[in-house]
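Trainee: This structure is in structure tokens; I'll ask about it shortly.
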Amino acid sequence: MYLSKSDYLMGLDCIKALWLKKNRKEIMPEYDEATLATFDIGNRVQDLARDFYPSGIMVEAETWDVENGSILTKELSEKHDVLLEAFAKLPNGCFCRIDILVKNGDAWDLIEIKSASSVKDYYIDDLAFQKYVFENAGYPVKRCKVLHLNSDYVRYGALDVKQLFAEDDVTDAVLQKKSEVEMYVKGMLSYQTMPEEPEIPLHSSCSDCPFYGYCGKDVPPYSIFDLLRADKADAFFNSTHSCDIKDLPLEYCTTDKQLIDRDCFLNDKIHVEKENIKEWLNSLEYPLYYLDYETVMPAIPLFDNTSPYSQVPFQFSLHIQKTPGGELEHIEFLHQERSDPRRALAEALVKGCGKKGSVVVYNQQFEKTRNKELAALFPDLSADILAINERVVDQLIPFRNRYLYSPKQNSSASIKYVLPAFSDLSYKGMNIANGGDAMNKYLAFLNGSQSEEESKQMFADLLKYCGQDTYAMVLLMDVLYKYADIK
Ligand code: SF4
């Protein structure tokens, strides 16, 4: 049996996940498109980060070929001071591949490249495992560092790789993990060879695990994990082994929202607070402008005045309605060139939104923040864009505050749950069915990794998707009028 760095990190999260990976590989799902897109970002960042160490010598071995990679690393380390993608392995089966290995006096520094813009806790575990492997393989380690994207960097002109990255020395935090790593490695090496699957109870964070489809197969579509806070759901499941809301005593629900959600689920009824809906509807000023943005967040800034992971809006949809339930006008903007979309988008937005009437969005924080960013970027449009923010009304509020709640929402106020709860319109089967899809596909276009044909199809899919987002808000407005008994 072997223990790689990713095995170790998985084992730290859940020992059962590690056991399943080693013994039931066939139930591990394929990577989805979102995960593959994340890998792609990681690879692009790695390629750029290596420019930090231009003298680095690549250890040319396949990732799976740990045996040859380790031999090659040993040979190269005797002649060179900087190695890229260096291998180490131990007789007990532990192995890893560090991004950059740098000679420091009579020892070595380990440098891990990360595409995030700050140091996360699990990077310390990651480096602690690598330090354990390298040291026991005969490479004394002096410093451990994380080379990550620098969120303070703002691009102007050509990409400045030196400024794009920040290097954090995390040696002290890694040293504190020394005895822990030794203990966990021992445990994981013996655990993964056990004949029986470990018994680990389901918990709130299981839904992020690749084995959730297996461990959570008996969890109903709406369960205590949706209704309760994580600690309460875990405590209830641990003591009862049930995640069924029908088994949940009333006292576990401590907020008004939980009580409403539970009551609606158990009695299959819709909760309506007519006066609150009316009050919210009365705050609207016609004509209404239903607005939704799509954005892209390139890890490596593509345009001037952007930083790693800046949100760059590239599309909006705007449905305009002059009277309640009245005719709709539709305006849309989609930047179809590989250039900065923001100026053209901001101009189209100002033109499209007119001067008066409520601007209806779903989750105002997102659109308002994008508008503030656009206003700061284009001083000549600033007053007009900020005036749009003054007119924003958030349609999330009546659903999040439970003025209207259907048990089909599964305790969520996301439009992806609210819409099918109150209408036949759904995102199922659409080529682009959520903001993450839109973002990843548009980024692939910007990076030039799509054919012309693929881009053409994607533009059509994006227009359909974003248009549906604002049309969904129109339908939900009709729903709110209906439940408030206003014709
Ligand atoms: S779904 Fe939960 S219990 Fe099952 S392997 Fe994953 S984390 Fe562990």
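Note that the sequence shown covers residues 1190 to 1676 in the numbering used here. Ideal placement from N, C-alpha and C gives every residue a C-beta, glycine not left out. As the structure is a prediction and not an experimental result, all values here were calculated from the model.
Tell me whether Ala1424 sits in a helix, a strand or coil according to DSSP, three-state version.
Mentor: In the sequence shown, the residue the question calls residue 1424 occupies position 235. Three-state DSSP puts Ala1424 in a helix.
Trainee: Let me check understanding here. Comparing Cα to Cα, which of Ser1499, Asp1295, Asp1436 and Asp1583 lies closest to Arg1559?
Mentor: Indexing the sequence shown from 1 puts residue 1559 at position 370. Among Ser1499, Asp1295, Asp1436 and Asp1583, the Cα nearest to that of Arg1559 belongs to Ser1499.
Trainee: Is it right to say Gly1515 is buried, meaning 16 or more other beta carbons lie within 10 angstroms of its own, or is it exposed?
Mentor: Position 326 of the sequence shown, counted from the first residue, corresponds to residue 1515. Exposed.
Trainee: Alpha carbon to alpha carbon, how far is Ser1259 from Asp1357? Give it in angstroms, no decimals.
Mentor: On the sequence shown, residue 1357 is found 168 positions in, with the first residue counted as 1. On the sequence shown, residue 1259 is found 70 positions in, with the first residue counted as 1. If you take the alpha carbons of Asp1357 and Ser1259, they lie about 27 Å apart.
Trainee: Measure the C-alpha to C-alpha separation of Asp1236 and Val1550 and round it to an integer number of angstroms.
Mentor: Counting from one through the sequence shown, the residue named residue 1236 turns up at place 47. Counting from one through the sequence shown, the residue named residue 1550 turns up at place 361. C-alpha separation (whole angstroms): 39 Å.
Trainee: Which word fits Ile1302, buried or exposed, when buried means at least 16 other C-beta atoms lie within 10 angstroms of its C-beta?
Mentor: What you label residue 1302 is simply residue 113 of the sequence shown in a count that begins at 1. Buried, by the Cβ-count rule.
Trainee: For the ligand SAM, any of its heavy atoms closer than 6 Å to the Cβ of Tyr1242?
Mentor: This structure does not include the ligand SAM; its bound ligands are the ligand SF4.
Trainee: Kindly indicate the opening and closing residues of the beta strand (DSSP E) around Thr1484.
Mentor: One-based indexing of the sequence shown puts residue 1484 at position 295. Looking at the DSSP string, the run of the beta strand (DSSP E) that includes Thr1484 is Leu1477 to Val1485.
Trainee: Return yes when the Cβ of Cys1285 is within less than 7 Å of the Cβ of Lys1319, no when it is not.
Mentor: Translated into the one-based positions of the sequence shown, residue 1319 becomes position 130. Translated into the one-based positions of the sequence shown, residue 1285 becomes position 96. For the sequence presented, residue 1319 should be read as Gln rather than Lys. A contact, by the Cβ cut-off of 7 Å.
Trainee: Please classify Met1377 as buried or exposed, where buried requires at least 16 other C-beta atoms within 10 Å of its C-beta.
Mentor: Locating residue 1377 in the sequence shown gives position 188, where the first residue counts as 1. Answer is buried; the Cβ neighbour count reaches 16.
Trainee: Cβ of Cys1395 within 6 Å of any heavy atom in the ligand SF4?
Mentor: Along the sequence shown, one-based indexing puts residue 1395 at 206. Within the cutoff, so yes.
Trainee: Is the beta carbon of Asp1650 less than 7 Å from the beta carbon of Asn1620?
Mentor: The sequence position of residue 1650 within the sequence shown is 461, counting from 1. The sequence position of residue 1620 within the sequence shown is 431, counting from 1. Contact: yes.
Trainee: Kindly indicate the opening and closing residues of the beta strand (DSSP E) around Asn1293.
Mentor: Mapped onto the sequence shown, residue 1293 falls at position 104. Phe1284 to Asn1293 is the extent of the beta strand (DSSP E) around Asn1293.
Trainee: With a threshold of 6 Å, establish whether the CB of Tyr1401 neighbours any heavy atom of the ligand SF4.
Mentor: Working through the sequence shown from its first residue, we reach residue 1401 at position 212. It does: the Cβ of Tyr1401 is within 6 Å (strictly closer) of some heavy atom of the ligand SF4.
Trainee: Is there at least one non-hydrogen atom of the ligand SF4 closer than 6 Å to the beta-carbon of Ile1727?
Mentor: There is no way to answer for residue 1727, as the model of the chain reaches only from 1190 to 1676.
Trainee: May I have a chain-ordered list of the alpha helix (DSSP H) segments no shorter than 4 residues that lie completely inside the segment 1356-1437?
Mentor: Complete alpha helix (DSSP H) runs here, min 4: 1360-1364, 1367-1380, 1401-1404, 1413-1416 and 1419-1429.
Trainee: How big is the Cα-Cα spacing for Val1374 and Asn1552?
Mentor: Taking the sequence shown and counting its residues from 1, the one referred to as residue 1374 is at position 185. Taking the sequence shown and counting its residues from 1, the one referred to as residue 1552 is at position 363. Taking the straight line joining both Cα atoms gives about 45 Å.
Trainee: Does Lys1749 come out as helix, strand or coil in the three-state DSSP assignment?
Mentor: The question about residue 1749 has no answer, for the chain in this structure spans 1190 to 1676.
Trainee: Are Tyr1242 and Ile1289 touching if we call contact CB-CB under 7 Å?
Mentor: The sequence position of residue 1242 within the sequence shown is 53, counting from 1. The sequence position of residue 1289 within the sequence shown is 100, counting from 1. In this structure, Ile1289 lies closer than 7 Å to Tyr1242 by Cβ.
Trainee: Starting from Leu1338, trace the alpha helix (DSSP H) both ways and give me its first and last residue.
Mentor: By one-based count along the sequence shown, residue 1338 stands at place 149. Looking at the DSSP string, Leu1338 is not in any alpha helix (DSSP H); the run it does join, the beta strand (DSSP E), is Val1330 to Leu1338.
Trainee: Roughly how many whole angstroms lie between the Cα atoms of Val1363 and Leu1316?
Mentor: Locating residue 1363 in the sequence shown gives position 174, counting from the first residue. Locating residue 1316 in the sequence shown gives position 127, counting from the first residue. Cα to Cα, the separation comes out at about 7 Å.
Trainee: Could you pull the start and end residues of the alpha helix (DSSP H) that Asp1298 belongs to?
Mentor: For the purposes of this step, residue 1298 is taken as residue 109 along the sequence shown, with counting starting at 1. Element bounds for Asp1298: not the alpha helix (DSSP H) but the beta strand (DSSP E), Ala1296 to Lys1303.
Trainee: Pair every Cβ in the segment 1663-1670 with every Cβ in the segment 1595-1611, then say whether three or more of these pairs are closer than 8 Å.
Mentor: These segments touch.
Trainee: Rounded to whole angstroms, what is the Cα-Cα separation between Asp1445 and Tyr1197?
Mentor: In the sequence shown, the residue the question calls residue 1445 occupies position 256. In the sequence shown, the residue the question calls residue 1197 occupies position 8. Approximately 42 Å, taken between the alpha carbons.
Trainee: Quick one: is Tyr1220 buried, meaning 16 or more other Cβ sit within 10 Å of its Cβ, or exposed?
Mentor: What you label residue 1220 is simply residue 31 of the sequence shown in a count that begins at 1. So Tyr1220 ends up on the exposed side.
Trainee: How about Lys1557: is its Cβ closer than 6 Å to a heavy atom in the ligand SF4?
Mentor: Residue numbering aside, residue 1557 sits at position 368 when the sequence shown is read from its first letter. False, no ligand heavy atom lies under 6 Å from that Cβ.
Trainee: With a threshold of 6 Å (Cβ to nearest heavy atom), would Lys1446 be considered close to the ligand SF4?
Mentor: Mapped onto the sequence shown, residue 1446 falls at position 257. The answer is no for Lys1446.
Trainee: By alpha-carbon positions, which one of Gly1637, Lys1211, Ala1661 and Ala1275 ends up nearest to Phe1611?
Mentor: Position 422 of the sequence shown, counted from the start, is the residue given in the question as residue 1611. Closest by alpha carbon: Ala1661.
Trainee: Answer yes or no: the CB of Lys1205 versus the heavy atoms of the ligand SF4, is any distance below 6 Å?
Mentor: In the sequence shown, the residue the question calls residue 1205 occupies position 16. Within the cutoff, so yes.
Trainee: Less than 7 Å between C-beta atoms, sequence neighbours within five positions excluded: which residues of the same chain meet that for Ala1533?
Mentor: The count along the sequence shown starts at 1 and reaches residue 1533 at position 344. Excluding sequence neighbours, Ala1533 sits near His1524.
Trainee: Is Cys1283 close to the ligand SF4? I mean its beta-carbon at under 6 Å from any heavy atom of the ligand.
Mentor: For the purposes of this step, residue 1283 is taken as residue 94 along the sequence shown, with counting starting at 1. Result no, Cβ not under 6 Å from the ligand SF4.
Trainee: Alpha carbon to alpha carbon, how far is Gly1546 from Asp1361?
Mentor: The count along the sequence shown starts at 1 and reaches residue 1546 at position 357. The count along the sequence shown starts at 1 and reaches residue 1361 at position 172. Approximately 57 Å between the Cα atoms of the pair.
Trainee: Would DSSP call Glu1642 helix, strand or coil?
Mentor: The residue labelled residue 1642 in the question sits at position 453 within the sequence shown. Three-state result, Glu1642: helix.
Trainee: Report buried or exposed for Tyr1345, applying the criterion of at least 16 other Cβ atoms within 10 angstroms of its Cβ.
Mentor: Position 156 of the sequence shown holds residue 1345. Flag for Tyr1345 reads exposed.
Trainee: DSSP beta-bridge partners for Gln1504?
Mentor: What you label residue 1504 is simply residue 315 of the sequence shown in a count that begins at 1. In DSSP, Gln1504 forms a bridge with Glu1483 and Leu1523.
Trainee: Name the residue from Cys1398, Phe1567 and Ala1622 whose alpha carbon lies nearest to the alpha carbon of Glu1483.
Mentor: By 1-based counting over the sequence shown, the position of residue 1483 is 294. The candidate whose alpha carbon is nearest that of Glu1483 is Ala1622.
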